[in-house]
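Asks: Here it is: the structure, laid out below.
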């Protein structure tokens with residue numbers, strides 16, 4: 296073996312290479328795959344193959360199907376899709392977002408789902424408001440309690456909720472989802488304590504295109520301000536949401 300090959304072998308992790316082999320094999324297969332098939336075609340020991348599959352299921356990268364078969368799970372999208380996600384496809388929304396911010400009177404962002412994350416793809420700051428959202432490209436996990444994740448996960452199946460949500464956050468999510476389903480918007484009140492984890496009021500609305508959830512529009516304020524404005528904004532926002540959907 297050449298010296299450079301020996302060096303490469305020395306610095307690799309065999310069990311990780313086997314796990315990647317498993318992902319590549321299942322990804323290239325037409326359907327779900329059994330563990331015996333993986334063991335036979337990849338030369339992986341039974342115990343190692345089982346541990347690899349169990350770990351990947353726990354991470355949400357594989358899902359176990361009927362008949363003890365395994366297939367690629369949506370959780371892998373947050374890794375694989377990131378390289379194919381292009382912010383520039385949303386740049387043309389800026390004039391629409393500027394109009395929303397100044398007509399509604401609060402800083403605004405538009406977010407889309409990307410795998411198990413949501414991404415801020417366009418923002419606009421209201422001329423009379425100093426607060427602003429994070430820059431486009433900022434990502435957050437769907438498992439974090441937020442108005443945006445509430446809307447995206449409200450349409451998810453129970454199996455997906457179990458995979459994405461931490462058990463300690465489930466009751467809070469269910470409460471937020473019930474509020475959203477009743478009112479048509481998602482609202483979380485800002486915390487006023489010093490060094491609070493969530494120091495802003497946030498208010499989000501779904502954006503639908505051809506009946507399908509395409510993203511969310513969110514507004515931001517200091518604690519207590521948006522809370523008083525929810526009903527006014529909910530009454531005023533529909534034509535702006537429709538205009539944004541038409542622009543997508």
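Numbering (the numbering used here), first residue to last: 296 to 543.
In this text, a Cβ means the ideal position worked out from N, Cα and C, and glycines have one as well.
#1: How would you label residue 499, buried or exposed, when you count the other beta carbons within 10 angstroms and need 16 or more for buried?
#2: Enumerated in chain order, which unbroken segments of the alpha helix (DSSP H) with a length of 4 residues or greater are wholly contained in the region 384 to 428?
#3: State the CB to CB distance for the pair residue 402 and residue 433, rounded to an integer number of angstroms; the pair is presumed to be in contact (CB under 8 angstroms).
#4: Could you check the C-alpha separation between residue 330 and residue 370 for me, to the nearest Å?
#5: Going by CA-CA distance only, name the one from 307, 480, 322, 391 that's closest to residue 357.
#6: Assign residue 496 to buried or exposed, taking buried as 16 or more other Cβ atoms, counted over all protein chains shown, within 10 Å of its Cβ.
#7: In chain order, what residues of the same chain have a beta carbon less than 8 angstroms from the beta carbon of residue 328, not counting five sequence neighbours either side?
#8: Taking 7 angstroms as the limit between beta carbons, can you name the residues of its chain near residue 431, skipping five residues before and five after?
#9: Based on the DSSP secondary-structure assignment, which residues constitute the bridge partners of residue 498?
#10: Using alpha carbons as the reference points, say which of 463, 454, 521 lies closest to residue 481.
#11: Apply the 10 Å Cβ neighbour rule to residue 453 and answer buried if 16 or more other Cβ atoms are within range, or exposed otherwise.
#12: Mark residue 412 as exposed unless 16 or more other C-beta atoms lie within 10 angstroms of its C-beta, in which case mark it buried.
#13: In three-state terms, what does DSSP make of residue 372?
#14: Does the Cβ of residue 501 have 16 or more other Cβ atoms within 10 Å, making it buried, or fewer, making it exposed?
#15: Under the rule that 16 or more other beta-carbon atoms within 10 Å means buried, what is residue 515, buried or exposed?
#16: Pick out whichever of 404, 485, 343, 444 has its Cα sitting closest to the Cα of residue 315.
#17: In terms of residue numbering, what span does the beta strand (DSSP E) encompassing residue 435 cover?
#18: Find out if the Cβ-Cβ distance for the pair residue 471, residue 440 is shorter than 8 angstroms.
#19: If you drop the 5 nearest sequence neighbours on each side, which residues of the same chain put their C-beta closer than 7 angstroms to that of residue 354?
#20: Express the C-alpha separation of residue 445 and residue 504 in angstroms, rounding to a whole number.
#21: Under 8 angstroms between the Cβ atoms of residue 372 and residue 410?
Replies: Short version:
#1: As a working mapping, residue 499 is identified with position 204 in the chain shown. Buried, by the Cβ-count rule.
#2: Within the region 384 to 428, the complete alpha helix (DSSP H) runs of at least 4 residues are 389 to 399.
#3: Within the chain shown, the letter at position 107 stands for residue 402. Within the chain shown, the letter at position 138 stands for residue 433. Incorrect: roughly 14 angstroms between the Cβ atoms, too far for contact.
#4: Reading the chain shown from its first residue, position 35 is the one you call residue 330. Reading the chain shown from its first residue, position 75 is the one you call residue 370. Distance between the alpha carbons of residue 330 and residue 370 is about 20 angstroms.
#5: Position 62 of the chain shown, counted from the first residue, corresponds to residue 357. With distances taken between Cα atoms, residue 357 lies closest to 322.
#6: Position 201 of the chain shown, counting from 1, holds the residue named residue 496. Classification for residue 496: buried.
#7: For the purposes of this step, residue 328 is identified with residue 33 of the chain shown, where counting begins at 1. Excluding residues within five positions, the ones whose Cβ falls inside 8 angstroms are 320, 321, 364, 365, 366.
#8: Translated into positions along the chain shown, residue 431 becomes position 136. Within the same chain, residue 431 has close Cβ partners 382, 415, 416, 417, 418.
#9: Within the chain shown, the letter at position 203 stands for residue 498. Answer is 482, 514, bridged to residue 498.
#10: Walking along the chain shown from the start, residue 481 turns up at place 186. Answer by Cα proximity: 521.
#11: To locate residue 453, count along the chain shown from 1; it is residue 158. It counts as exposed.
#12: For the purposes of this step, residue 412 is taken as the residue at position 117 of the chain shown. Here residue 412 is buried. Its C-beta has 16 or more other C-beta atoms within 10 Å.
#13: Taking the first residue of the chain shown as position 1, residue 372 is located at position 77. Here residue 372 sits in helix by DSSP.
#14: Stepping through the chain shown from its first residue, residue 501 is reached at position 206. Result: buried.
#15: The count along the chain shown starts at 1 and reaches residue 515 at position 220. By the 10 Å Cβ count, residue 515 comes out buried.
#16: Taking the first residue of the chain shown as position 1, residue 315 is located at position 20. When each option's Cα is compared against that of residue 315, the closest is 343.
#17: Looking up residue 435 in the chain shown gives position 140. Its beta strand (DSSP E) spans residues 434 to 436.
#18: To locate residue 471, count along the chain shown from 1; it is residue 176. To locate residue 440, count along the chain shown from 1; it is residue 145. Going by C-beta atoms, residue 471 is nearer than 8 angstroms to residue 440.
#19: Locating residue 354 in the chain shown gives position 59, counting from the first residue. The residues are 370.
#20: As a working note, residue 504 is residue 209 in the chain shown. As a working note, residue 445 is residue 150 in the chain shown. Going from the Cα of residue 504 to the Cα of residue 445 covers about 19 angstroms.
#21: For the purposes of this step, residue 372 is identified with residue 77 of the chain shown, where counting begins at 1. For the purposes of this step, residue 410 is identified with residue 115 of the chain shown, where counting begins at 1. Result yes, Cβ atoms of residue 372 and residue 410 sit closer than 8 angstroms.
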